[in-house]
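A.B. asks: Chains as they are written, first to last, in the working numbering: chain A, 484 to 826; chain D, 484 to 826; chain E, 484 to 826; chain Y, 484 to 826. Structure incoming, see below.
Number of protein chains: 4
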Amino acid sequence: MDRGKLNALTDVEGTTVGHVTLLHGEPPDPFAVRTGVTAILPHGGDLFREKVEAAVHVINGFGKSLGLLQLAELGEIESPILLTGTLNVFRVADALLDIAAEGNPGLSSLNPVVCECNDGYLSHGLSRPAGKAEVLKAIREARSGAIAEGSVGAGTGMSGLGYKAGIGTSSRLLPKDQGGYTVGTLVLMNTGAAGDLLIDGVPVGRVLAERDAGGHAPRTADSAPGSIIVVIATDAPLSSRQLGRVAGRAVFGLARTGAKGPHGSGDIVLAFSTTARHPARIHERIPEERLTAFFDATEEATEEAIIRSILLAATVRGRDGNAAVSIPIAEVARVIGKYRNAL
Amino acid sequence: MDRGKLNALTDVEGTTVGHVTLLHGEPPDPFAVRTGVTAILPHGGDLFREKVEAAVHVINGFGKSLGLLQLAELGEIESPILLTGTLNVFRVADALLDIAAEGNPGLSSLNPVVCECNDGYLSHGLSRPAGKAEVLKAIREARSGAIAEGSVGAGTGMSGLGYKAGIGTSSRLLPKDQGGYTVGTLVLMNTGAAGDLLIDGVPVGRVLAERDAGGHAPRTADSAPGSIIVVIATDAPLSSRQLGRVAGRAVFGLARTGAKGPHGSGDIVLAFSTTARHPARIHERIPEERLTAFFDATEEATEEAIIRSILLAATVRGRDGNAAVSIPIAEVARVIGKYRNAL
Amino acid sequence: MDRGKLNALTDVEGTTVGHVTLLHGEPPDPFAVRTGVTAILPHGGDLFREKVEAAVHVINGFGKSLGLLQLAELGEIESPILLTGTLNVFRVADALLDIAAEGNPGLSSLNPVVCECNDGYLSHGLSRPAGKAEVLKAIREARSGAIAEGSVGAGTGMSGLGYKAGIGTSSRLLPKDQGGYTVGTLVLMNTGAAGDLLIDGVPVGRVLAERDAGGHAPRTADSAPGSIIVVIATDAPLSSRQLGRVAGRAVFGLARTGAKGPHGSGDIVLAFSTTARHPARIHERIPEERLTAFFDATEEATEEAIIRSILLAATVRGRDGNAAVSIPIAEVARVIGKYRNAL
Amino acid sequence: MDRGKLNALTDVEGTTVGHVTLLHGEPPDPFAVRTGVTAILPHGGDLFREKVEAAVHVINGFGKSLGLLQLAELGEIESPILLTGTLNVFRVADALLDIAAEGNPGLSSLNPVVCECNDGYLSHGLSRPAGKAEVLKAIREARSGAIAEGSVGAGTGMSGLGYKAGIGTSSRLLPKDQGGYTVGTLVLMNTGAAGDLLIDGVPVGRVLAERDAGGHAPRTADSAPGSIIVVIATDAPLSSRQLGRVAGRAVFGLARTGAKGPHGSGDIVLAFSTTARHPARIHERIPEERLTAFFDATEEATEEAIIRSILLAATVRGRDGNAAVSIPIAEVARVIGKYRNAL
């Protein structure tokens with residue numbers, strides 16, 4: 484399937500993404516901070532007044548993501564989607580209340596959607612440095628156009644499949660005869676064991692690990708439980724039930740990267756439709772049998788976003804001297820090249 | 484079924500409850516605060532190390548309760564259960580991290596369970612006055628023994644079924660031939676429309692409303708969406724799946740009080756077993772067909788706890804001069820008495 | 484809320500109901516049959532081609548109802564809804580395939596929705612007398628207009644709350660300012676213990692049981708696990724997610740009749756919308772906050788349908804001489820009358 | 484992870500599998516039958532009296548599998564697990580009632596678990612040839628020891644990933660330090676598009692498809708919606724909640740074979756524990772963090788079982804001259820060999 488122009492979540496018209504990266508302290512400071520906030524705005528309007536149809540799919544519920552209860556009941560998101568480090572979720576949600584209150588002093592209810600992975604290997608977990616200023620900045624930084632990937636925003640301190648990881652994004656365009664809709668994904672990637680990485684089926688992780696075993700240190704000692712957040716956007720008028728089915732396909736993309744969904748990995752998928760902003764489109768319906776194209780797009784774009792979150796992540800050294808090291812791109816290219824030639 | 488000695492959640496051995504009531508400002512101050520925190524400690528040990536088997540049942544998911552995702556996945560609670568006003572949940576959860584960190588500076592993961600109802604009719608919602616000091620106090624105040632009910636702790640600003648409401652509790656003892664186990668419930672009651680109150684089937688709400696219509700003002704003008712939190716404790720060795728079935732019966736008790744579960748009422752039920760603290764009991768199993776007694780106990784105790792949350796609640800006047808008025812006990816007694824005599 | 488013209492499921496335009504009652508053998512024949520089939524046709528068109536938006540809500544999943552998996556995934560019903568006795572569900576579903584095949588010899592997939600309660604107290608369970616002829620007859624008998632209630636169709640062998648029960652129906656009209664939509668319910672009632680019956684809050688069951696204890700035999704010795712099926716229809720353009728929320732309110736009506744949801748009672752609620760047949764209406768949306776009126780209608784109509792299923796049920800004597808006896812209507816009226824006078 | 488002695492579901496002690504293969508008519512007879520029944524007996528005792536702890540995980544609920552409602556509520560299976568063609572499920576379930584009744588004439592409740600895929604491409608769907616005799620034979624044929632795979636039993640008419648498929652099985656042994664438990668899987672494989680097959684990451688399907696495009700006919704023209712049933716057995720004392728988490732990992736194995744979960748593929752996973760038959764083991768508990776090894780075992784064994792279901796399936800020609808052709812094993816070996824040499 485074709486990629487969108489930017490190969491990014493922001494190929495979905497109106498959806499924007501902003502990052503704030505938070506770096507404090509130098510290794511081996513045990514209180515060093517390597518974290519951040521990523522804000523996804525489904526559209527540029529008032530999200531509380533123009534809520535977007537949405538769904539959540541839980542691959543593994545060992546996680547602290549906020550706002551999913553109401554999202555599941557009402558089938559909608561009414562706030563920016565904020566991503567950050569695990570223990571910082573409550574401050575981020577509370578900050579969003581402060582921000583919302585500025586425009587609405589009588590505010591009595593708001594359902595912040597804040598998702599998290601645990602970046603405690605690189606960043607001091609209890610620091611929780613993201614508050615109102617940081618959340619506001621992430622929201623204000625939100626842009627359409629290309630998205631910074633890798634060790635940025637909420638991805639700053641994340642690792643996965645044995646290497647530094649973080650933010651990745653990708654998109655797919657459905658064929659014209661399937662409506663020509665756009666499906667974009669953005670992942671916050673922090674799961675998967677060293678040696679398991681697959682790229683387009685090639686066991687890159689295993690090959691590199693075997694080479695490393697001949698003298699090289701393991702790349703990342705992070706044995707923390709991991710997690711992944713996948714956010715899927717589309718401009719198609721899918722109902723929340725249909726978005727739930729779409730969200731359920733992200734696991735196919737995740738599995739194809741070699742990740743295995745261990746006990747401690749909190750793996751959450753959100754999906755939303757921007758149709759609320761397109762009054763002409765709001766009454767369209769996508770016949771159920773045409774969801775297969777959305778499923779395929781989701782699987783492909785999720786797999787690619789995860790791989791990008793690793794390929795584009797710069798090495799980060801954090802608290803106590805812990806480090807998560809970039810994947811060696813040249814060697815990845817070499818391994819894949821040998822394999823392609825063989826077929 | 485017989486009541487426990489205290490007719491309270493604390494009849495379940497080891498379970499304790501603490502309240503902090505927060506009152507600031509005088510009517511008609513629009514920023515007046517009438518809120519609080521109620522802490523339920525499933526047992527007196529280290530809850531993170533000795534997690535309790537638990538389940539959640541969602542009657543209506545329009546709510547912001549925290550920690551339910553992981554609770555559902557892992558079938559356990561690893562923190563105190565904290566109840567408070569809607570917009571204060573994030574600060575309360577964050578405060579719990581600070582408190583937990585004191586005993587465990589390397590803390591990297593904790594799943595706070597914080598549930599809420601909206602007390603914004605009486606209390607300025609954006610104030611969020613419950614922070615670390617208040618949460619710590621509620622936990623430290625937690626006691627076995629009798630529980631203060633009505634307009635106290637998280638119940639301070641709540642209303643339901645047309646009257647002031649708040650905290651209520653009740654318990655039941657299973658017959659000896661059903662194991663003699665204890666089931667206790669505690670409710671944070673904030674739902675139901677004026678005129679709908681039923682007490683033991685008697686339409687007390689309707690009778691009082693008709694009388695009031697003859698010249699009296701409506702008792703409570705709160706038309707906010709409401710909500711109810713029900714917490715169920717037992718010393719029986721129920722699995723999380725079984726606790727989920729038990730939790731699902733609270734709605735029968737709720738319905739019998741006249742509440743109707745409108746769109747905006749976030750109605751959440753938690754259930755936990757204290758068996759983790761009773762090594763001799765941990766390997767017992769309750770045969771599935773014996774759950775019926777637990778279901779009956781849950782329904783009875785939930786209904787009674789809700790009624791108590793109203794009967795025991797003192798009038799509270801709060802922000803902007805809003806007031807939620809106590810139910811007139813003498814008239815309730817008179818209506819019920821007439822009815823009983825008739826049968 | 485006002486009732487519909489017929490106070491029946493069939494007040495929803497286009498929805499029809501047909502019964503086949505099956506009686507074989509005379510007491511005390513252990514193989515006597517007292518069962519039947521009730522068919523609900525959401526509309527008069529081709530249900531497979533014009534599927535109806537639908538949802539299922541499980542109060543208690545101890546049951547053998549068929550077709551719910553696909554109903555939940557796709558949010559639609561594509562067959563008549565058939566009700567019958569527990570062990571007969573498979574033959575009824577298979578019969579529906581035969582019937583569907585007649586009009587469509589290349590049929591390769593169909594999702595029959597067949598729900599059940601256990602009428603084994605009066606009817607020999609293993610007999611399974613409902614096959615193709617009976618199912619076809621029930622479908623062909625389906626009519627708009629008034630619905631036979633009580634000991635008829637699938638209700639023939641059912642009991643509940645200590646008395647003979649069976650089929651009951653009721654409906655409500657939303658106020659004009661809520662859209663003027665119709666909500667109809669039909670129940671197959673077979674749950675609840677003797678002595679627990681409440682009618683409009685009056686403990687009729689308890690009063691009659693106390694009287695009976697003074698010399699009268701218990702009315703029904705059926706101690707089988709029970710169950711209830713509730714079917715909700717509406718002409719409002721609710722999405723499957725919204726219909727799921729509506730279905731979730733039937734338990735409020737059930738609870739108010741005194742039923743308690745014991746372990747062995749399989750309590751299932753279906754809800755569907757006939758909008759598929761009203762092209763002009765299919766693109767309407769019901770704002771979420773307007774669901775409260777649908778919830779209220781569902782609760783009221785479900786409660787009333789259950790009460791009617793008992794009040795209208797004729798005594799049935801079945802296998803082994805077992806009998807389920809009609810409630811004594813005159814005494815019910817007397818008890819309720821005394822109570823009303825008292826208030 | 485090591486395989487069990489037989490690399491089969493039957494490595495789980497006590498679990499047995501039986502097949503009945505049903506072949507009637509010769510192509511191009513439109514009524515030709517190419518179907519069957521596969522019976523899985525969790526243990527050799529009375530399954531109704533000694534129910535096994537169990538769970539279901541729904542990857543995609545577009546399917547007609549029976550018995551899942553009660554399985555989910557009660558967390559147990561009380562019957563053989565029967566697999567067959569889609570439209571035959573009701574007759575198979577009804578046959579099981581007849582069989583159960585022979586040993587228990589007062590039978591009033593039984594929850595048959597019957598799962599299905601659609602073999603209508605090769606077998607005339609409406610024929611439904613599996614009745615009491617066939618089900619009884621499958622149960623009586625059930626054996627420990629090696630399991631016939633490929634085009635046998637319920638797998639007779641199934642296809643997947645562009646080739647003939649059917650039954651496949653595999654197993655894994657947890658390391659001694661993880662308890663040494665066994666995890667076995669058995670799949671009924673009928674999903675996946677031509678060209679998508681991956682074997683250990685190698686895009687075998689694509690390579691063969693490209694070769695075929697140079698002159699060869701497509702291998703299987705089956706464009707039906709597909710489906711897969713995965714059955715997981717273990718001798719570990721997992722609770723139903725834990726088995727549900729285990730079942731949720733089968734999708735990782737499925738995804739790694741190249742299957743994509745399209746709209747019409749009903750993908751269902753069952754998991755059960757045989758601990759009920761090992762009284763010494765019934766009170767053990769597997770700490771939650773040790774589930775990761777079960778997850779890994781499930782993913783590996785599911786992936787391998789799916790691949791085996793294709794590699795071991797003989798070509799079958801069925802109704803209307805439709806054919807599903809075996810994968811060319813020698814070419815598969817050649818493609819994989821080239822790839823391995825390259826790395």
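Yeah, the Cβ is synthetic: ideal placement off N, Cα and C, and Gly gets one too.
1) For the alpha helix (DSSP H) containing I429/E, list its first residue and its last residue.
2) If you run the structure through DSSP and keep just helix, strand and coil, what is L565/D?
3) Could you compute how far the alpha carbon of G688/E sits from the alpha carbon of D679/E?
4) From the beta carbon of L554/Y, is the nearest beta carbon of chain D less than 8 Å away?
5) By the 7 Å beta-carbon criterion, what residues does the region 557-575 of chain Y contribute toward chain D?
6) Quick check on A522/E: buried or exposed, where buried means 16 or more other Cβ atoms within 10 Å of its Cβ?
7) Rounded to whole angstroms, how far is the Cβ of A613/E from the Cβ of V575/E, which I believe are closer than 8 Å?
8) Given that N543/D touches chain A, what residues does it touch there, using C-beta distances under 7 Å?
9) May I ask you to verify whether the region 770-785 of chain D touches the region 741-749 of chain D, counting CB pairs closer than 8 Å and requiring at least 3?
10) Taking only beta-carbon positions, decide if D577/D is within less than 8 Å of chain A.
11) Give me the Cα-Cα distance between L505/E and A616/E, rounded to the nearest whole angstrom.
12) Mind reading off the beta-carbon distance from N543/A to G684/A? Whole number of angstroms is fine, and I expect it under 8 Å.
13) So that I know if they touch, is there some Cβ in chain D lying closer than 8 Å to that of R768/E?
14) So the candidates are L489/Y, R532/Y, L554/Y; which of them puts its Cα closest to the Cα of G727/Y?
15) Does the CB of G709/E have a neighbour CB from chain Y at under 8 Å?
16) Run through DSSP, which three-state label would I769/Y get?
17) Are the region 660-675 of chain D and the region 599-614 of chain D in contact at 8 Å, needing three or more beta carbon pairs?
18) Excluding the five sequence neighbours on either side, which residues of its own chain have a C-beta within less than 7 Å of the C-beta of S592/D, listed in chain order?
19) Who are the near neighbours of G558/Y in its chain, counting only those whose CB is closer than 7 Å to its CB and skipping five residues on each side?
20) Rounded to a whole number of angstroms, what is the C-alpha to C-alpha distance between F735/E and I790/A?
21) In chain order, what are the residue ranges of uninterrupted beta strand (DSSP E) at least 3 long that sit wholly in the region 645-732 of chain D?
22) Per DSSP, what kind of secondary structure is S634/E in: helix, strand or coil?
23) What residues in the region 717-741 of chain Y bring their beta carbon closer than 8 Å to a beta carbon of chain D?
24) Show which residues of chain A have a CB atom less than 8 Å away from the CB atom of E787/Y.
25) Are any of the Cβ atoms in chain Y nearer than 8 Å to that of E617/D?
26) Since I believe A759/A is in contact with G651/A (beta carbons under 8 Å), could you give me their beta-carbon distance rounded to a whole number of angstroms?
27) What is the DSSP secondary structure of R532/E, counted as helix, strand or coil?
28) Which partner residues of V752/E appear in the DSSP bridge assignment?
29) Three-state secondary structure (DSSP) at D577/A?
30) Three or more C-beta pairs under 8 Å: does that hold for the region 646-660 of chain A against the region 485-495 of chain A?
31) Determine whether the beta carbon atoms of A515/D and K647/D lie at a separation below 8 Å.
32) Does DSSP put L593/A in a helix, in a strand, or in coil?
33) List the residues of chain D that T775/E touches, going by C-beta distances under 7 Å, in chain order.
34) Drop a sphere of 10 angstroms on the beta-carbon of H526/D, count the other beta-carbons inside from all chains shown, and report buried for 16 or more, exposed for fewer.
35) If you follow the beta strand (DSSP E) that R517/Y is in, where does it begin and where does it stop?
36) Starting from L505/D, trace the beta strand (DSSP E) both ways and give me its first and last residue.
C.D. replies: Judging by the given coordinates:
1) Residue coverage of chain E in this structure runs from 484 to 826, which leaves residue 429/E outside it and unanswerable.
2) strand
3) 5 Å
4) no
5) L557, G558
6) buried
7) 5 Å
8) E556
9) no
10) yes
11) 12 Å
12) Not confirmed; about 24 Å, so no contact.
13) no
14) L554/Y
15) no
16) coil
17) yes
18) none
19) E536, A537, A538, S723
20) 49 Å
21) 650-656, 665-672, 710-717
22) coil
23) S722, S723, R724, R728
24) Under the 8 Å cutoff, chain A gives no residues; its nearest Cβ is about 15 Å from E787/Y.
25) no
26) Wrong, their Cβ atoms sit about 26 Å apart, outside the cutoff.
27) coil
28) H540/E, V713/E
29) helix
30) yes
31) no
32) coil
33) P745, H746
34) buried
35) 516-524
36) 499-507
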